[in-house]
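Note sheet for the following structure.
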Amino acid sequence: MFFHIVLERNMQLHPRYFGRNLRDNLVSKLMKDVEGTCSGRHGFVVAVTGIENVGKGLIRDGTGFVTFPVKYQCVVFRPFKGEILEAVVTMVNKMGFFAEAGPVQIFVSNHLIPDDMEFQSGDIPNYTTSDGSVKIQKDSEVRLKIIGTRVDATEIFCIGTIKDDFLGVINDPTAI
Amino acid sequence: MSGEEEENAAELKIGDEFLKAKCLMNCEVSLILQHKYEQLQQTSDDPMNQVSQVFEKSLQYVKRFSRYKNPDAVRQVREILARYQLAEFELCVLGNLCPETVEEAIAMVPSIKTRGRAQDDDAIEKMLTDLSLIKKFE
């Protein structure tokens, strides 16, 4: 799920940026530093949307660098266990399939794909029901439930399931 | 937050910080990111080079999965859902997935029923019809 939250960060600024553009420099450095990063607690920082306030700077002894506490608003993407969302299938193999929901990767193991769907290898590997009415392949859109998350220093990885009511392929007109 | 193990969106256990935060539906995120992208386009020739991979992937994702495209419809969706005493998170799941039946809505957002609110099936039914009307008239 996407959230709009306020985060705080201490920004170190080199003295060469001091001047009337100090604030602009601070903001562009903030965007460069935080956009695209990921933390286990707040998830992926997608975009900075505004600055709440810039606190008083503190001069570092010996270096001349100044540290500013900056409060900023941003859009973050944070997946939660138990959350249901839609995702695009990116890769299918006999172990299961990978899907992407925005910046996050989700793996759905073949144990968590309904039992009536069988893996078919070939040019376009896919999972298909025995009557062929439902097919999961690359670029399919699926609705899945996140059942586990693993947090890395720079990435969040999720395990999902489509073995539940109202989950599964959604862009296939013959499904559901 | 009481630890990673306790986290469960189905019971609305998403940590205090996120429970109080403003949730965004995909269609809202799409408007925000699109706006930011257009701003970048004006200041540089190659905006795709300026943005992070996370931004690019998110933009593609929300464009693909936005149920409502026009800004007025997006605002209406939030107004309608706000009448039903939903938590921010529940509101956004419903706005994103647009369930068609009451059973589907409860399967998508189990916390609607478990939190002891007077959310009966009729109320949910009414909410879903209101939502589908916006979609129809968009």
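Protein chains in written order, with this note's numbering: chain P, 10 to 185; chain V, 23 to 160. We put the beta carbon where it would ideally sit given N, CA and C, even for glycine.
Does the beta carbon of residue i sit closer than 8 Å to a beta carbon anywhere in chain V?
i: P/Gly-169; result: no
i: P/Met-20; result: no
i: P/Met-100; result: no
i: P/Pro-112; result: yes
i: P/His-23; result: no
i: P/Val-36; result: no
i: P/Lys-90; result: yes
i: P/Phe-109; result: Here residue 109 of chain P turns out to be Glu, not Phe, going by the sequence shown. Closer than 8 Å: yes.
i: P/Phe-175; result: yes
i: P/Val-55; result: yes
i: P/Ala-184; result: Residue placement at P/Ala-184 cannot be trusted, given a pLDDT of 43 that sits under 50; the coordinates are not used to answer.
In chain V, what lies closer than 7 Å to residue i by C-beta?
i: P/Thr-58; result: Ile-54
i: P/Met-10; result: Cys-45, Phe-111 and Cys-114
i: P/Ile-93; result: Val-115, Leu-119 and Met-130
i: P/Arg-87; result: Phe-40
i: P/Val-84; result: Leu-46, Val-51 and Ile-54
Check the Cβ-Cβ distances between residue i and every residue of chain P, and say whether any is below 8 Å.
i: V/Lys-135; result: no
i: V/Ala-43; result: yes
i: V/Glu-147; result: no
i: V/Val-124; result: no
i: V/Glu-101; result: no
i: V/Glu-60; result: no
i: V/Asn-30; result: yes
At which residues does the beta strand (DSSP E) containing residue i begin and terminate?
i: P/Gln-146; result: That residue, P/Gln-146, is in no beta strand (DSSP E); it is neither H nor E in DSSP.
i: P/Asn-102; result: 93-102
i: P/Ala-56; result: 52-63
i: P/Phe-11; result: 11-22
Can you give me the start and stop residues for the alpha helix (DSSP H) that residue i sits inside?
i: V/Glu-126; result: 124-130
i: P/Met-40; result: 31-43
i: V/Cys-49; result: 48-65
i: V/Ala-145; result: 143-159
i: P/Thr-72; result: Premise fails: P/Thr-72 is in no alpha helix (DSSP H) and is neither H nor E.
i: P/Phe-133; result: The sequence shown places Ile at residue 133 of chain P, rather than the Phe named in the question. Careful: P/Ile-133 lies outside any alpha helix (DSSP H) and carries neither H nor E.
i: V/Ser-133; result: 133-136
i: P/Phe-1; result: Absent from the structure is residue 1 of chain P, since the part of chain P shown begins at 10 and ends at 185.
i: V/Phe-40; result: 38-42
Using the beta-carbon of each residue, which ones in chain P are nearer than 7 Å to residue i?
i: V/Ala-104; result: Within 7 Å Cβ-Cβ: nothing; V/Ala-104 doesn't reach chain P, min ~16 Å.
Using the beta-carbon of each residue, which ones in chain P are nearer than 9 Å to residue i?
i: V/Lys-157; result: What V/Lys-157 touches in chain P: nothing, since even the nearest Cβ is about 15 Å away.
Under 9 Å Cβ-Cβ, which residues of chain V neighbour residue i?
i: P/Ile-14; result: Glu-39, Phe-40, Ala-43 and Lys-44
i: P/Val-97; result: Gln-82, Tyr-83, Arg-86 and Phe-87
So which residues on chain V does residue i lean against when the C-beta distance must stay under 8 Å?
i: P/Arg-32; result: Simply none; closest approach about 17 Å.
Can you list the residues of chain P that residue i reaches, using a CB-CB cut of under 8 Å?
i: V/Glu-160; result: Correct list: empty, because the minimum Cβ distance to chain P is about 19 Å.
Problem - Contact residues within the segment 41-53 of chain P, judged by C-beta distance below 7 Å to chain V - result: Flagged, chain order: Glu-44, Gly-45 and Phe-53.
Exercise for the section: Compile a chain-ordered list of the residues in the segment 136-164 of chain P whose CB is closer than 9 Å to at least one CB of chain V. Expected result: Listed by position along the chain: Glu-150, Arg-152, Lys-154, Ile-155, Thr-158 and Val-160.
Handout entry: Residues, ordered as in the chain, of the segment 81-99 of chain V that lie near chain P by beta-carbon distance below 9 Å
Key = Cβ contacts with chain P come from Leu-81, Gln-82, Tyr-83, Val-84, Arg-86 and Phe-87.
Exercise for the section: Could you run through the segment 64-77 of chain V and flag, in chain order, every residue whose CB is less than 7 Å away from some CB of chain P? Expected result: Closer than 7 Å at the C-beta level to chain P, one finds these residues of the segment 64-77 of chain V: Ser-74, Gln-75, Val-76 and Phe-77.
Exercise for the section: Could I get the ranges of all uninterrupted alpha helix (DSSP H) runs contained in the segment 87-117 of chain V, with 4 residues as the minimum, in chain order? Expected result: Correct list: 93-104.
Practice task
Please list the segments of the beta strand (DSSP E) lying wholly inside the segment 108-133 of chain P, counting only runs of 3 or more residues, in order along the chain.
Solution key: Runs found: 113-118 and 126-129.
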